[in-house]
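Protein sequence lines correspond, in order, to chains L and B.
According to our numbering, the residues represented by the first sequence are 691 to 870, in order.
According to our numbering, the residues represented by the second sequence are 4 to 627, in order.
All C-beta atoms in this analysis are idealised placements derived from N, C-alpha and C, irrespective of residue type, glycine included.
Bear in mind that the values here come from a model prediction, so they are computed numbers and not experimental data.
These notes are about the structure you will find just below.
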Amino acid sequence: MDKKVTLASDWLAGCAGCHMSLLDIDERILALLEKVQLLSTPITDLKRPPETGVDVGVLEGAVNNSATEEVAKLMRSRCKCLVALGDCAVFGGVPAMREGANPQAALQRAYCETESTVAGQIPADAELATLRPTQALSEVVEVDVNVPGCPPSADVIFYVLSELVAGRKPVLKGPLLDWH
Amino acid sequence: MTQTLTPPRPASTAVPVTLTINGQKVIGHTGQTVYQAATDAGIFVPVLCHHPALPSHGACRICVVEIEKQRTLQPSCTFPVAEGLVVQTESPRVVEARKFVLEMLFSERQHYCMYCTASGNEHGSDCELQRLGYRYGLDCWKYAPNYTRRWPVDATRTHFMMDHARCILCRRCVRACHELVSNHTLGLQQRGTRTMICADDSVPFGESTCVSCGTCLQICPTGALYDRRSAYLGHECDTQRTRTTCMQCAVGCGIETLTRDGSLIRIEGLWDAPNHGVLCEQGRFSVLDEIPAQRIKQPLIRANGQMRQVSWDEALRAAADGLSKARTVAGLVTPRVTNESLIAFSRLFRDIFKSSQVGLLSGRTPPLGIGAAATLEGIAKSDGIIVIAGDPLKNQKVLGYMVRKALDHGARLIVASGEETGLDHLADLCIRLDVDGSAQTKTIWDSHKRIFHLRSDRLAQVKKEIDSLRSPVVLYGAGLDQELYAALRSLPAKTSFLPLVEGANAVGAARLGFSLRAVQGDALYVLAGDEQPDGRTLPEAQFTIVQASYRNAWTDAADIVLPAKAWFEKTGHLTNIEGRRLPLTRSIEAPREIVSDWATVFMLSVKLGQPLACVTVSDATAAL
């Protein structure tokens, strides 16, 4: 029996829609699991990729704070081939639309000035992530495969995973290339 | 842009030229660009700033091609063809350059495709920029855009909006505003990365000299300019397109209606019609906003003060009954009907009712056939325009734009009118006509009873101007005194004329002898179509039949109401201001019980016991 391709995924500043679209490959996941071993994903028991690393890392969502930056760098260091899944990871997407607004003013309004807030304060716990400018994944770590779409269709995701399993780098063009 | 344009005809002095494109022999002609020769031969070359309706610009560089012996890649939209040129349109060097152009364009502003109405997949996308991104396999941005820079959205125009984040500064809109419409509103402000499309001295579009003709909207390659009504109602590939003629005024611009599932989504101008893609606010936008709510879908008969829905048979028999009992039957018809319906209506009154009490519902038509007929295109090229008793920028807007286009090319303008017109401030000579009579009226025939006079010394001045011109065009309205019409008729043969008529088929109606006049009869048959009362009252009669598309004050007071097709359901012909017969093709099928106006007249004639002979196209040609 051939050794299975190991795969880990995670989500950053995203809506999880790309993971939902991945699940939309429906029964094809059974055929995929004959060749792929899912090690960690946000929707299964194990959450972080193993120290020994994985063949394929899949990240959805943009990098917008210290936490998502940490997750992105961790995944990059533990996978051979990193896939940016969806418009947020590839282009910055919807999370990037917050840029240009004043973050301090937004925090002040949200935590202190809203009409129903009494004695509010902006959380500053050391364990909380700190804001950083939103960026596409490729601006923070090196990305090997870009899969645009909002979300990419299940067919596109299945094609990408099948190509990777076959040892080829997927090339998206024609009907497979749809930024939405 | 899914309209295909017929390539321009070569100048009579053009000489054939043979070149090689992608190894294929292509025969073009002098005066063409490499882009035109390639496109004519069916070879695809991408463009963004170029548009066939506009003069070449050469700004975006996406159309670059490799030409042997040229040191660098050349923009094919400006490079002239020459004998023996060897061109490659998709060599690796060309593809690399085009990818770079696209990467630069995407990095300059914020192209968030996921929420843009134009965005789609390779088949569905309405965005020319996105389609090129797909074609050249862009799956990520090589150069990240500046996420923090904010680009404004201008939503101050009534009908369409502009999102500057999607603008690629191709300048198609600016060039269209200057060259096609001659409105000169759009321009550019600032420089470099701060360059922005702006209106006038950088005021909100809705407060500028913009006339909302929408030509810029139609020509924009991206989702930067987008129409409020049709946004998110589907991509162009989801719609059906129908070529027809606008019925909002007598100019009769060529239009294409976009419909989806039986609804009108959007109206576009035909690039290859004499209006060259240009429409006016009324024809492109307001016409869709103004569709009344209550449609007459079934014949109605008044009984005991109530309107009762009845079958066609019952309604027509009651109509025939009422009409037969009358001593005189009067008739009024809207100019918003086809030639075919006008002929049927005219024959009904001439042959069956034998009544001369027939007139128009609206539109005071000046005498036709004063001299040689001018054309829309001819006006734009004329060296002198004389406008008498009319305001084309108000009542025949696209004609007004053509006048402005002529002025851009140095034409002289003389305006003679009873009151201020939109062209006054552009005129070299502005004369006030003396007016008899007031403008205010309530009844149909009282409107526009005014007579305009031109003093003889002023007339002499106008004649002197005309003598100095090579190809003068006179646009004349209704209500001039007889001496003035006679003077127009005696102008030199080089002069051409256009009557400033009001109403889509006013010329067709005038040629059949219909005019705005008082009519009287015991019975009154009004073919109103989709014309609305706007406060006007019909003449009194004992028995009134109204044939209308929508419920209004006229149908509420009628004895019998018959349904009628609206403009977007009509198939037939109308005769426009130039005297040309233009085709109408229905965009939407009328609901089942609603038939064409001429068919209704025909069925009525059958019930009257004297069926009219069928109207054929050759009849129509002969009569008009």
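Worksheet entry | Closer than 8 Å at the beta carbon, the chain L residues around residue 287/B | Neighbours of residue 287/B on chain L: none; closest Cβ ~29 Å, over 8 Å.
Worksheet item: With a cut-off of 8 Å, does the C-beta of residue 824/L fall near any C-beta of chain B?
Response: With 8 Å as the cut-off, residue 824/L counts as an interface residue toward chain B.
Item to complete: Work out the CA separation of residue 98/B and residue 67/B for me, nearest whole Å.
Response: Approximately 9 Å, taken between the alpha carbons.
Discussion item. Does the CB of residue 704/L have a neighbour CB from chain B at under 8 Å?
Written reply: Using beta-carbon distances, residue 704/L does not count as an interface residue toward chain B, since no partner is under 8 Å.
Fill in: Neighbour flag for residue 240/B against chain L, beta carbons, 8 Å
At a cut-off of 8 Å between beta carbons, residue 240/B makes no contact with chain L.
Practice prompt. Could you name the residues of the same chain whose beta carbon sits closer than 6 Å to that of residue 836/L, not counting the 5 residues immediately before and after it, in chain order?
Written response: Answer for residue 836/L: 774, 780, listed in chain order.
Worksheet entry | Partners in chain B for residue 783/L, counting only beta-carbon separations shorter than 8 Å | Within chain B, the residues near residue 783/L are 115, 117.
Worksheet item: Is there a Cβ from chain L that is less than 8 Å from the Cβ of residue 153/B?
Response: At least one chain L Cβ lies under 8 Å of residue 153/B.
Worksheet item: Taking Cβ positions only, does residue 140/B come closer than 8 Å to chain D?
Response: Reference to chain D is not applicable here, since the protein chains of this structure are L and B.
Discussion item. Let's see if you can read the secondary structure: which residues bound the beta strand (DSSP E) around residue 115/B?
Written reply: Premise fails: residue 115/B is in no beta strand (DSSP E) and is neither H nor E.
Worksheet entry | Expected contact under 8 Å - CB spacing of residue 157/B and residue 207/B to nearest Å | With 8 Å as the limit, residue 157/B and residue 207/B qualify as a contact, their Cβ atoms being about 6 Å apart.
Worksheet item: Under a CB-based cut-off of 8 Å, is residue 274/B close to chain L?
Response: Judged by the 8 Å Cβ criterion, residue 274/B is not in contact with chain L.
Fill in: Beta-carbon proximity check, residue 227/B vs residue 371/B, cutoff 8 Å
Not a contact, by the Cβ cut-off of 8 Å.
Discussion item. On the CB-based measure, 16 or more other CB atoms within 10 Å of its CB, does residue 47/B come out buried or exposed?
Written reply: Sixteen is the threshold: since fewer than 16 other Cβ atoms of the shown chains lie within 10 Å of the Cβ of residue 47/B, the residue is exposed.
Fill in: Among 413/B, 320/B, 532/B, nearest to residue 550/B - alpha-carbon criterion
Closest by alpha carbon: 532/B.
Worksheet item: Which parts of the segment 156-228 of chain B are runs of the beta strand (DSSP E), unbroken and 3 residues or longer, counting only runs that do not cross its ends?
Response: Taking 3 residues as the minimum length, the beta strand (DSSP E) runs contained wholly in the segment 156-228 of chain B are 163-166, 189-192, 199-202, in order along the chain.
Worksheet item: Got a sec? Which residues, its chain only, sit under 8 Å from residue 866/L by beta carbon, not counting five neighbours each side?
Response: Correct list, in chain order: 845, 846, 849.
Worksheet entry | Contacts around residue 615/B, its chain only, beta-carbon distance under 6 Å, and the 5 residues preceding and following it disregarded | Once the five neighbours on either side are set aside, the close Cβ partners of residue 615/B are 350, 605, 608.
Discussion item. Can you tell me where the beta strand (DSSP E) holding residue 39/B begins and where it ends?
Written reply: Run containing residue 39/B: none in the beta strand (DSSP E); it sits in the alpha helix (DSSP H), 37-43.
Item to complete: Say whether chain B places a C-beta atom closer than 8 Å to the C-beta of residue 838/L.
Response: By this cut-off, residue 838/L is an interface position.
Fill in: Counterpart residues of residue 701/L in DSSP-defined beta bridges
Beta-bridge partners of residue 701/L (DSSP): 750/L.
Worksheet item: Is there a Cβ from chain L that is less than 8 Å from the Cβ of residue 144/B?
Response: Interface residue (Cβ-Cβ distance to chain L less than 8 Å): residue 144/B is classified as such.
Practice prompt. Please confirm whether any heavy atom of the ligand SAH lies closer than 7 Å to the CB of residue 95/B.
Written response: What this structure holds is no ligand at all, so the ligand SAH is not there to describe.
Worksheet item: Which word fits residue 180/B, buried or exposed, when buried means at least 16 other C-beta atoms lie within 10 angstroms of its C-beta?
Response: Result: buried.
Fill in: Range covered by the beta strand (DSSP E) that runs through residue 774/L
Under the DSSP assignment, residue 774/L falls in the beta strand (DSSP E) whose first and last residues are 769-775.
Worksheet item: In the structure shown, what three-state DSSP assignment does residue 264/B receive?
Response: The three-state secondary structure of residue 264/B, taken from DSSP, is coil.
Item to complete: Please check the pair residue 567/B and residue 600/B, which I expect to be a contact at CB under 8 Å, by giving their CB distance rounded to whole angstroms.
Response: Rounded to whole angstroms, the Cβ separation of residue 567/B and residue 600/B is 6 Å, and the two are in contact under 8 Å.
Worksheet item: Rounded to a whole number of angstroms, what is the C-alpha to C-alpha distance between residue 577/B and residue 339/B?
Response: Between residue 577/B and residue 339/B, the C-alpha separation is close to 9 Å.
Discussion item. Just to make sure I have the definition right: I need the residues of chain B whose C-beta is within less than 9 Å of the C-beta of residue 714/L. Which are they?
Written reply: Listed along the chain, the chain B residues whose CB falls inside 9 Å of the CB of residue 714/L amount to none; the nearest CB is some 17 Å away.
Worksheet item: Under 8 Å, do residue 369/B and residue 565/B count as touching if we go by C-beta distance?
Response: No, they are not a contact pair.
Worksheet entry | Residue-chain proximity (residue 870/L, chain B), Cβ-Cβ < 8 Å | With 8 Å as the cut-off, residue 870/L counts as an interface residue toward chain B.
Practice prompt. Determine whether the Cβ of residue 137/B lies closer than 8 Å to any Cβ atom of chain L.
Written response: Judged by the 8 Å Cβ criterion, residue 137/B is in contact with chain L.
Practice prompt. Give a yes or no on contact between the segment 810-823 of chain L and the segment 727-746 of chain L, applying the rule of three or more CB pairs nearer than 8 Å.
Written response: Short answer: they don't touch.
Discussion item. Are the CB atoms of residue 279/B and residue 183/B within a distance shorter than 8 Å?
Written reply: Their beta carbons are under 8 Å apart, which means residue 183/B touches residue 279/B by this criterion.
Discussion item. Considering only DSSP beta bridges, list what residue 456/B is partnered with.
Written reply: DSSP lists 437/B as partners of residue 456/B.
Worksheet item: Can you check whether the CB of residue 282/B is closer than 8 Å to the CB of residue 177/B?
Response: No. Outside cutoff.
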